[in-house]
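Enquirer: Which chain is which? The protein sequence lines are L and W, in order. Numbering of the first sequence is given in the numbering used here, commencing with residue 2 and proceeding in unit increments. Numbering of the second sequence is given in the numbering used here, commencing with residue 1301 and proceeding in unit increments. For glycine and all other residues, C-beta sits at the position ideal for the given N, C-alpha and C. Quick caveat: nothing in here was measured; it's all calculated off a predicted structure.
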Amino acid sequence: MNEAPVVIDVQELQRVFGATRALDGISFQVRAGEIIGFVGPNGAGKTTTMRILATLDEPTAGDALIGGASVVLDPEETRRITGYMPDALPEHNDITVHEYLDFFARAYRLRGSALRDEVQQVKEFTHLTPLEDKLLKQLSKGMKQRVSLARALVHDPQVLLMDEPAAGLDPRARIEFREQALALGALGKALLISSHILSELAELCTGVVIIDRGRIVCSGTREEITARMRPHATVALRVLNDGLQAQRIARELPDVLAVRPAERALQVDIAGGDEACARVLAALCARGVQMAEFRQVQNSLEDIFMEVTRGGMA
Amino acid sequence: MINTIALKECRQAVRSRLVTGMLLFLVIAELAACLITLVVQAANSHDYSLQGGRVLFVILLMVLTYGASAFVPVYTMLRLMAERWNDSVDLLYVTGMSPWAIVRGKLVSAGAVLMLLFSAVMPFMALTYPLRGIDIFSMLAVLAFAAVCIMLFTLFMLLVGSAGTTRPHKVVNALAGIFFALVMAGSLTAFGVTALEEGLASILSQREALLGVVMAGVIGLALAAVMYVATAMQLMPPSANRALPLRLVVTGAIVVFEVVALAVSSVLGDADALMTALRVSMWMICISIIYVSAAPREISLRVRREIPRSRIGQLVYPLYEGAGAGFLWTMLLMCGVCGSTLTGAAIGGYGLDDEDALWRIVIMYVYVLSAGLVARSVWMYFLPRRVPSRYVALTGVVVLVMGTAAPLLAGLWYDMRSLPNYGLWWYGNVAAVFDSSRDAVSLTKQGLGAGVGLAGAVLISIPWWYRELRAFRPLERRHAARAAHAAHGE
Chain L
2 MNEAPVVIDV QELQRVFGAT RALDGISFQV RAGEIIGFVG PNGAGKTTTM RILATLDEPT
62 AGDALIGGAS VVLDPEETRR ITGYMPDALP EHNDITVHEY LDFFARAYRL RGSALRDEVQ
122 QVKEFTHLTP LEDKLLKQLS KGMKQRVSLA RALVHDPQVL LMDEPAAGLD PRARIEFREQ
182 ALALGALGKA LLISSHILSE LAELCTGVVI IDRGRIVCSG TREEITARMR PHATVALRVL
242 NDGLQAQRIA RELPDVLAVR PAERALQVDI AGGDEACARV LAALCARGVQ MAEFRQVQNS
302 LEDIFMEVTR GGMA
Chain W
1301 MINTIALKEC RQAVRSRLVT GMLLFLVIAE LAACLITLVV QAANSHDYSL QGGRVLFVIL
1361 LMVLTYGASA FVPVYTMLRL MAERWNDSVD LLYVTGMSPW AIVRGKLVSA GAVLMLLFSA
1421 VMPFMALTYP LRGIDIFSML AVLAFAAVCI MLFTLFMLLV GSAGTTRPHK VVNALAGIFF
1481 ALVMAGSLTA FGVTALEEGL ASILSQREAL LGVVMAGVIG LALAAVMYVA TAMQLMPPSA
1541 NRALPLRLVV TGAIVVFEVV ALAVSSVLGD ADALMTALRV SMWMICISII YVSAAPREIS
1601 LRVRREIPRS RIGQLVYPLY EGAGAGFLWT MLLMCGVCGS TLTGAAIGGY GLDDEDALWR
1661 IVIMYVYVLS AGLVARSVWM YFLPRRVPSR YVALTGVVVL VMGTAAPLLA GLWYDMRSLP
1721 NYGLWWYGNV AAVFDSSRDA VSLTKQGLGA GVGLAGAVLI SIPWWYRELR AFRPLERRHA
1781 ARAAHAAHGE
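#1: Identify each residue in the segment 1606-1633 of chain W for which the Cβ-Cβ distance to at least one residue of chain L is less than 7 angstroms, and report them in chain order.
#2: Taking C-beta pairs closer than 8 angstroms, name the residues in chain W that Leu57 (chain L) reaches, listed in chain order.
#3: Classify Glu1330 (chain W): buried if its beta carbon has 16 or more other beta carbons within 10 angstroms, exposed otherwise.
#4: Got a sec? Which residues, its chain only, sit under 6 angstroms from Gly1696 (chain W) by beta carbon, not counting five neighbours each side?
#5: Is there a C-beta anywhere in chain W that falls below 9 angstroms from the one on Ile96 (chain L)?
#6: State buried or exposed for Gln299 (chain L), treating a residue as buried only when at least 16 other CB atoms are found within 10 Å of its CB.
#7: My understanding is that Arg1611 (chain W) touches Leu1775 (chain W), with C-beta atoms under 8 angstroms, so please give their C-beta distance in whole angstroms.
#8: Nearest to Val1556 (chain W) by CA position, among W:Ala1516, W:Ser1588, W:Pro1545 and W:Leu1535, is which residue?
#9: With a 10 Å radius around its C-beta and 16 neighbouring C-beta atoms as the bar for buried, classify Thr1376 (chain W) as buried or exposed.
#10: Could you tell me the boundaries of the alpha helix (DSSP H) in which Thr83 (chain L) lies?
#11: Quick one: list the residues of chain W neighbouring Glu77 (chain L), beta-carbon separation under 8 angstroms, in chain order.
#12: Strictly below 8 angstroms CB to CB, what residues from chain W border Glu100 (chain L)?
#13: According to a CB-to-CB cut-off of less than 8 angstroms, which residues of the segment 1330-1361 of chain W neighbour chain L?
#14: What residues from chain W crowd round Gly19 (chain L), counting only those whose CB sits closer than 8 angstroms?
#15: Among W:Thr1320, W:Arg1354, W:Met1322 and W:Ser1316, which residue has its Cα nearest to the Cα of Cys1334 (chain W)?
#16: Closest Cβ-Cβ distance between Ala1382 (chain W) and chain L: below 9 angstroms?
#17: In chain A, which residues lie less than 8 angstroms from Phe295 (chain L) when you measure between Cβ atoms?
#18: With 9 angstroms set as the bound, which would you pick, yes or no: does the beta-carbon of Thr48 (chain L) sit closer than that to a beta-carbon of chain W?
#19: Could you tell me whether the Cβ atoms of His128 (chain L) and Gly84 (chain L) are closer together than 9 angstroms?
#20: For the beta strand (DSSP E) that Ala272 (chain L) lies in, which residues bound it at each end?
#21: Could you check the C-alpha separation between Gly1411 (chain W) and Ala89 (chain L) for me, to the nearest Å?
#22: Go through its chain and collect everything with a Cβ distance to Leu1324 (chain W)'s Cβ below 7 angstroms, but skip five positions before and after it.
#23: Spatial neighbours of Val1514 (chain W) within its chain, please: C-beta separation below 8 angstroms, excluding the five flanking residues on both sides.
#24: Exposed or buried, which one is Leu66 (chain L) when buried takes at least 16 other CB atoms within 10 Å?
#25: Give me the Cα-Cα distance between Gly1367 (chain W) and Glu1309 (chain W), rounded to the nearest whole angstrom.
#26: Which word fits Phe105 (chain L), buried or exposed, when buried means at least 16 other C-beta atoms lie within 10 angstroms of its C-beta?
#27: Would you please state the rounded distance, in angstroms, between the beta carbons of Gly178 (chain L) and Leu170 (chain L)? I believe it to be under 8 angstroms.
#28: Any C-beta of chain W sitting closer than 9 angstroms to the C-beta of Ala279 (chain L)?
#29: Between which two residues does the alpha helix (DSSP H) containing Arg107 (chain L) stretch?
#30: Given this structure, state the Cα-to-Cα distance separating Glu1790 (chain W) from Ala5 (chain L), to the nearest angstrom.
#31: Any contact of the segment 1618-1633 of chain W with the segment 1582-1597 of chain W, i.e. 3+ C-beta pairs under 8 angstroms?
#32: With a CB to CB cut of under 8 angstroms and the five nearest residues on each side skipped, what residues in its chain are close to Val1327 (chain W)?
#33: Would Leu1633 (chain W) pass as a contact of Ile1554 (chain W) if the rule is Cβ separation under 9 angstroms?
#34: From the DSSP output, in three-state form, read off Val1687 (chain W) for me.
#35: So, at 7 angstroms on beta carbons, what are the nonlocal neighbours of Cys1449 (chain W) in its own chain, with the 5 sequence-adjacent residues on each side left out?
#36: Which chain W residues are close to Phe105 (chain L), counting only those with a beta carbon under 7 angstroms from its beta carbon?
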């Protein structure tokens, strides 16, 4: 059980645009040190939620507390403890990386040695020190993304809201971003990352919130969601002898719910947990099935996403 | 403390090729103007009149004002538009920086660029003094006046730029800005010529002229304050109370107009200043109606958190966000201004020269108010909810044009059939309101048409007005209680 304090507390958030209900009473929490993936099809309400949390928009009803401060009643306080990284990258003309970061540090009212130290720290953290004298328009997309992250971090916020941070990045930039996000999580910051790149989120996030048509369809760690969706284990078998015979033997076992042939292997659904899996393994060995592999299959984030949104991804 | 935006803008300006290019262009143009003028004067040495300095100064002033007027306001506006376009305003919202600081920063940086341009041409200007025909006071006064006018125009362009964010907006605004800048530069040059020929000191020694300058200065300052607040308002997040500061500053500006006009009228012993203040106030109120009619459909949560809880405090309703409150505010303002003008004229013992003028102004206001109310009602009842509120202002203009055109066409139709037209075209014709050649009967018809139109507009707007009044209540504090609970609970 995570005992870290809740830093993002979304409570029955609603947002209506004319006749469209973009958010329909969503609630979830993020604790300090957690990295939460905020996932959903296009138009599900991700960016609306992010903008409300960043105080750029306001809810029609409900509220969200960031560090205990309401985004409706006390947006000034929530801005102080929130870093927002929008999907748009910085495009200012005629300004260097250092000047850009210095400008935002001043905009967050940092002055004197605090300003210099913070700017220096974020430049080092995001590996921007060698680029500090470059103009923003000369940077590549990956570099601009680092500048954007540095800008969001420049006032040392407790909470980071990232809207599609890895979109359009090359593999190297993605790996760098992942390492930086993990380091931020280790520092105790809460990260809410909205993204379409589910494989990225799977390697990064401690939990996931899936939203569809303005409603939260499921949330929790990947294991928790899988356990809720499928209360049975699935194992993959690679057999050396007759596959059909192995399939028949497996079906006869009492703990086995279903057997499906997969590519050069079998997938077996087993009622129960690790004990049941061990019993099935022992029974198959006892009946002479020769196996080169017997492993539990983890549901990928993409599987979960497709299942809970019923393939509704636009 | 240095304004953060000003610092950033100055850093960007130093690197900007546009600024560097403009600076070089001005220096080269001034040098060329100097050389050509001096050569021409030397060639016409038989016509030596000890006025060479003045001629050269006017030419240099013309180059400077045309260049700076066309460049500084448009450059500043484009910089603001570029930032709004690139979602940077979103980023500024999430910092602790206020929209006021943003506008101030833009103005300071515009001032810095303007000073840069002025300082580049100062050596050429200084050359005119030893050439005679000009005094230091006049030179400095003309240059200062030019700088103030260019800064005022920059403020206006910032206001224009703060509204639009698309590429067509950018192009249209820039072209319009350059056009008006050139017109303004022409006026500035003409002012410079007059001031130098007649002598500023002699102009200002006349009491009427001095009072006129005071009146113009007050109006200019008030307009600058209104533009500054309106620009900051446009940069505020959509959920902020954008109306309150603007309504406060417009009210304040009109009160200042009236006070100064009363003082000037009492000194001069006529009502001209009062009528001038009334006209300027009327136009400000009419423009305010356009803003007011485009207010959001609902009062936002962040605005509601600022509503006073006491019944007495809630009397500030006309100053708050919301179209109904805004229309009420303009009515109160108009009543106040007319009342002040009539009372001032009565107390001073001087009648209004053109008695009809006051009623023409009132009729004009009633037409615009009716159009605003009708447009708002059309938007509330008939247009889909997804249509943004800014289109209400456009609908208002359409209603005003239709109100003018329909009776006009009906009158013409009757005329074509040789039927009595009963002066139909007077009833809704906004364009004819200020036609002072007309008789009292047509003015009565105008008033009748305006009154009936307003009554109808008020009637159809009662339901949404009632709904808005009911929604005007402070935000429940359960949000705050929940926040405090969560903060202590964790």
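Expert: Looking at the atomic coordinates:
#1: Cβ contacts with chain L come from no residue of the segment 1606-1633 of chain W.
#2: Looking up residue 57 (chain L) in the first sequence gives position 56. Correct list: Asp1390, Tyr1393, Val1394 and Pro1537.
#3: The residue labelled residue 1330 (chain W) in the question sits at position 30 within the second sequence. By the neighbour-count criterion, in which a residue is buried when 16 or more other Cβ atoms sit within 10 angstroms of its Cβ, Glu1330 (chain W) is buried.
#4: Translated into positions along the second sequence, residue 1696 (chain W) becomes position 396. Exclusion of the five residues before and after Gly1696 (chain W) leaves Ser1593, Ala1671, Gly1672 and Ala1675 as the residues of its chain whose Cβ lies within less than 6 angstroms of its Cβ.
#5: In the first sequence, counting from the first residue as 1, residue 96 (chain L) sits at position 95. Closer than 9 angstroms: yes.
#6: What you label residue 299 (chain L) is simply residue 298 of the first sequence in a count that begins at 1. Around the C-beta of Gln299 (chain L), fewer than 16 other C-beta atoms lie within 10 Å, and the residue is accordingly described as exposed.
#7: Taking the first residue of the second sequence as 1, we reach residue 1611 (chain W) at position 311. Taking the first residue of the second sequence as 1, we reach residue 1775 (chain W) at position 475. Actually they are not in contact, since the Cβ atoms of Arg1611 (chain W) and Leu1775 (chain W) sit about 17 angstroms apart, beyond 8 angstroms.
#8: Translated into positions along the second sequence, residue 1556 (chain W) becomes position 256. With distances taken between Cα atoms, Val1556 (chain W) lies closest to W:Ala1516.
#9: Along the second sequence, one-based indexing puts residue 1376 (chain W) at 76. Classification of Thr1376 (chain W): buried, given that the 10 Å Cβ count is 16 or more.
#10: As a position in the first sequence, residue 83 (chain L) is number 82, starting the count at 1. Segment Thr83 to Met86 is the beta strand (DSSP E) holding Thr83 (chain L); no alpha helix (DSSP H) there.
#11: The sequence position of residue 77 (chain L) within the first sequence is 76, counting from 1. Glu77 (chain L) reaches chain W at Gly1396, counting residues in chain order whose Cβ is nearer than 8 angstroms.
#12: Taking the first residue of the first sequence as position 1, residue 100 (chain L) is located at position 99. Contact of Glu100 (chain L) with chain W by beta-carbon distance below 8 angstroms involves Lys1308 and Arg1311.
#13: Answer set for the segment 1330-1361 of chain W: empty.
#14: Within the first sequence, numbered from 1, the residue matching residue 19 (chain L) stands at position 18. Chain W residues near Gly19 (chain L): Pro1684, Arg1685 and Arg1686.
#15: Against the second sequence, residue 1334 (chain W) aligns to sequence position 34. Selected option, being the one with the closest Cα: W:Arg1354.
#16: Counted from its first residue, the second sequence places residue 1382 (chain W) at position 82. Among the CB atoms of chain L, one or more fall inside 9 angstroms of the CB of Ala1382 (chain W).
#17: Absent from the structure: chain A. Protein chains present are L and W.
#18: Against the first sequence, residue 48 (chain L) aligns to sequence position 47. It does not: the Cβ of Thr48 (chain L) has no partner Cβ on chain W nearer than 9 angstroms.
#19: Numbered from 1 along the first sequence, position 127 holds the residue referred to as residue 128 (chain L). Numbered from 1 along the first sequence, position 83 holds the residue referred to as residue 84 (chain L). With respect to Gly84 (chain L), His128 (chain L) sits apart: the two C-beta atoms are not nearer than 9 angstroms.
#20: Here residue 272 (chain L) is taken as the residue at index 271 of the first sequence, counted from 1. DSSP places Ala272 (chain L) in the uninterrupted beta strand (DSSP E) bounded by Ala266 to Ala272.
#21: Locating residue 1411 (chain W) in the second sequence gives position 111, where the first residue counts as 1. Locating residue 89 (chain L) in the first sequence gives position 88, where the first residue counts as 1. Distance between the alpha carbons of Gly1411 (chain W) and Ala89 (chain L): 31 angstroms.
#22: Locating residue 1324 (chain W) in the second sequence gives position 24, counting from the first residue. Cβ within range, chain order: n/a, list empty.
#23: Here residue 1514 (chain W) corresponds to residue number 214 of the second sequence, with the count starting at 1. Within the same chain, Val1514 (chain W) has close Cβ partners Val1560 and Val1564.
#24: Your numbering for residue 66 (chain L) matches position 65 in the first sequence. With 16 or more other Cβ atoms within 10 Å, it is buried.
#25: Here residue 1367 (chain W) is taken as the residue at index 67 of the second sequence, counted from 1. Here residue 1309 (chain W) is taken as the residue at index 9 of the second sequence, counted from 1. Between Gly1367 (chain W) and Glu1309 (chain W), the C-alpha separation is close to 20 angstroms.
#26: As a working mapping, residue 105 (chain L) is identified with position 104 in the first sequence. That one is buried.
#27: The count along the first sequence starts at 1 and reaches residue 178 (chain L) at position 177. The count along the first sequence starts at 1 and reaches residue 170 (chain L) at position 169. Looking at the sequence itself, residue 178 (chain L) is Phe, so the reference to Gly does not match. So it is a contact: roughly 7 angstroms between Cβ atoms.
#28: Counting from 1 along the first sequence, the entry for residue 279 (chain L) is found at position 278. Taking 9 angstroms as the threshold, the shortest C-beta distance from Ala279 (chain L) to chain W does not fall below it.
#29: Here residue 107 (chain L) corresponds to residue number 106 of the first sequence, with the count starting at 1. Following the DSSP letters along the chain, one finds Arg107 (chain L) inside the alpha helix (DSSP H) bounded by residues Val98 to Ala108.
#30: On the second sequence, position 490 is the one that residue 1790 (chain W) refers to. On the first sequence, position 4 is the one that residue 5 (chain L) refers to. Residue placement at Glu1790 (chain W) cannot be trusted, given a pLDDT of 41 that sits under 50; what the coordinates show is reported in the next sentence. Approximately 9 angstroms between the Cα atoms of the pair.
#31: These segments touch.
#32: Along the second sequence, one-based indexing puts residue 1327 (chain W) at 27. Closer than 8 angstroms at the Cβ level, and outside the excluded window around Val1327 (chain W), lie Ala1420 and Val1421.
#33: Position 333 of the second sequence, counted from the first residue, corresponds to residue 1633 (chain W). Position 254 of the second sequence, counted from the first residue, corresponds to residue 1554 (chain W). With respect to Ile1554 (chain W), Leu1633 (chain W) sits close: the two C-beta atoms are nearer than 9 angstroms.
#34: Looking up residue 1687 (chain W) in the second sequence gives position 387. Three-state DSSP puts Val1687 (chain W) in coil, outside helix and strand.
#35: Taking the second sequence and counting its residues from 1, the one referred to as residue 1449 (chain W) is at position 149. Short of 7 angstroms from the beta carbon of Cys1449 (chain W), and not among the five residues preceding or following it, lie these beta carbons of its own chain, in chain order: Met1484 and Leu1488.
#36: Within the first sequence, numbered from 1, the residue matching residue 105 (chain L) stands at position 104. Against chain W, the beta carbon of Phe105 (chain L) has neighbours under 7 angstroms at Thr1395, listed in chain order.
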